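First the structure, in the form of structure tokens, and then the observations on it.
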Amino acid sequence: MLAGLAALGTGACAKIANSDTGQSWFDAAEDWHRIAQRTLAGRQRLAPEFARDDVSPDFKGNGSLTVDTPAYRADRESGFAAWRLLVGGLVEQPLSLSMDDLRAMPQRTQVTRHDCVEGWSAIGEWTGPQLSLLLDSARVKRDANFIVFRCADNLYGRDYYESVDMVDAYHPQTIIAHLLNGQPIPEKNGAPLRMRIERQLGYKHAKYLTGIEAVADLSDIGDGKGGFWEDFGNYQWYAGI
Ligand SMILES: Nc1nc2c(c(=O)[nH]1)N[C@H]1C(S)=C(S)[C@@H](COP(=O)(O)O)O[C@H]1N2
Ligand SMILES: [Mo]
1 MLAGLAALGT
11 GACAKIANSD
21 TGQSWFDAAE
31 DWHRIAQRTL
41 AGRQRLAPEF
51 ARDDVSPDFK
61 GNGSLTVDTP
71 AYRADRESGF
81 AAWRLLVGGL
91 VEQPLSLSMD
101 DLRAMPQRTQ
111 VTRHDCVEGW
121 SAIGEWTGPQ
131 LSLLLDSARV
141 KRDANFIVFR
151 CADNLYGRDY
161 YESVDMVDAY
171 HPQTIIAHLL
181 NGQPIPEKNG
191 APLRMRIERQ
201 LGYKHAKYLT
211 GIEAVADLSD
221 IGDGKGGFWE
231 DFGNYQWYAG
241 I
């Protein structure tokens, strides 16, 4: 956790060290991490990982293939210099991270198979920091039960969003990816940031990621079913594989 904070360069380390309540904040974050790892221990099993040679020549794009706004186009032209990932909700230390901040954190690379409910799969090599690192840095409060992912795109007139419970949030293969096959993520696959939640079906893997929010329950978000497709009534909230 200290390494994570240092890598973020937020100066939060100094703040914690000087604060009377620092120690209890630490405990709260570590508690959630431990609880998530203890709960349903079987769900911590890793999804299969493949060899670099197995990657699909073209990773299909599905759902939104871009974000249709002038702001997105302008930021894309500048290499996403203005992109920010906000980490907030039920956290002690909200974060606003640039692409450079995320690239400076410890990285995980994994070659995994993406399974879409529509019946297609693709293998890709994804790289980025683990979500657990960000959650520990932001110090998720004990009353949080879910992590919500906010996206920049609007599909059929609704903002895309998704959510997972703390077990999937702290799963080691749950990463905030900024590279696909060693290159910045293509526009159709969610540039510049997308979730990889390898024990879950494709629609959980939020593209065009702008925010990560810790919440106690999901009823106030969207239509209250925990995700874009879930709100339409098409797909189940729990999409474990
Ligand atoms: N923001 C956003 N995330 C999204 C979607 C979307 O339309 N918008 N589609 C989902 C679905 S159904 C799938 S299968 C995958 C597709 O990822 P890909 O475009 O890289 O294949 O993204 C998921 N995440
Ligand atoms: Mo999908």
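All letters in the sequence shown, in the order written, are residues 1 to 241 by UniProt numbering.
Where is the CB? At the ideal position from N, CA and C, for every residue including glycine.
What you are looking at is a predicted structure, and each value in this text was computed from that prediction instead of being measured.
When the Cα atoms are used, what is the spatial distance from residue i to residue j?
| i | j | result |
| --- | --- | --- |
| S121 | T112 | 10 Å |
| G227 | E162 | 4 Å |
| L131 | G79 | 23 Å |
| G202 | R194 | 12 Å |
| A239 | D58 | 24 Å |
| D143 | A216 | 6 Å |
| D220 | Q44 | 28 Å |
| D223 | D165 | 18 Å |
| L180 | P192 | 10 Å |
| A104 | G128 | 10 Å |
| D231 | F149 | 15 Å |
| G233 | G157 | 16 Å |
| P172 | R199 | 10 Å |
| D75 | R84 | 11 Å |
| Y72 | K225 | 28 Å |
| S56 | Q183 | 14 Å |
| P70 | G42 | 45 Å |
| G119 | I35 | 34 Å |
| L218 | D68 | 27 Å |
On a CA-only basis, which of the options is nearest residue i? Give me that one, please.
| i | options | result |
| --- | --- | --- |
| G211 | A36, G88 and D53 | G88 |
| E187 | G233, V167, E77 and D231 | E77 |
| L46 | Q37, R52 and D54 | Q37 |
| I185 | M99, A51, K141 and G233 | M99 |
| D31 | G182, I241, K141 and L218 | K141 |
| D54 | L97, W126 and D168 | W126 |
| A81 | L97, T69 and D68 | L97 |
In its own chain, which residues sit with a C-beta less than 8 Å from the C-beta of residue i, not counting the 5 before and 5 after it?
| i | result |
| --- | --- |
| H114 | F59, S121, A122, I123, G124, G202 and H205 |
| P94 | L86, V87, G88 and A138 |
| H33 | S132, L135, D136 and Y170 |
| A51 | V111 |
| L102 | L85, G128, P129, I176, H178 and L193 |
| I241 | A47, D115, R199, Q200 and L201 |
Anyone know if the C-beta pair for residue i and residue j falls short of 7 Å?
| i | j | result |
| --- | --- | --- |
| T174 | I147 | no |
| A214 | V91 | yes |
| Q110 | E49 | yes |
| N154 | G61 | no |
Ordered along the chain, which non-local residues of its own chain (more than five positions away) have a Cβ less than 7 Å from that of residue i?
| i | result |
| --- | --- |
| C151 | D159, Y160, Y161, A206, K207, Y208, L209 and T210 |
| Y235 | V117, Y203 and W229 |
| residue 257 | Because residue 257 is not part of the residues shown, which for the chain are 1 to 241, the question remains open. |
| D168 | T174, I197, R199 and Q200 |
Can you name, in chain order, every residue of its own chain whose Cβ lies under 6 Å from the Cβ of residue i, other than the five neighbours on each side?
| i | result |
| --- | --- |
| N145 | A216 |
| S64 | D153 and L155 |
| T66 | E187 |
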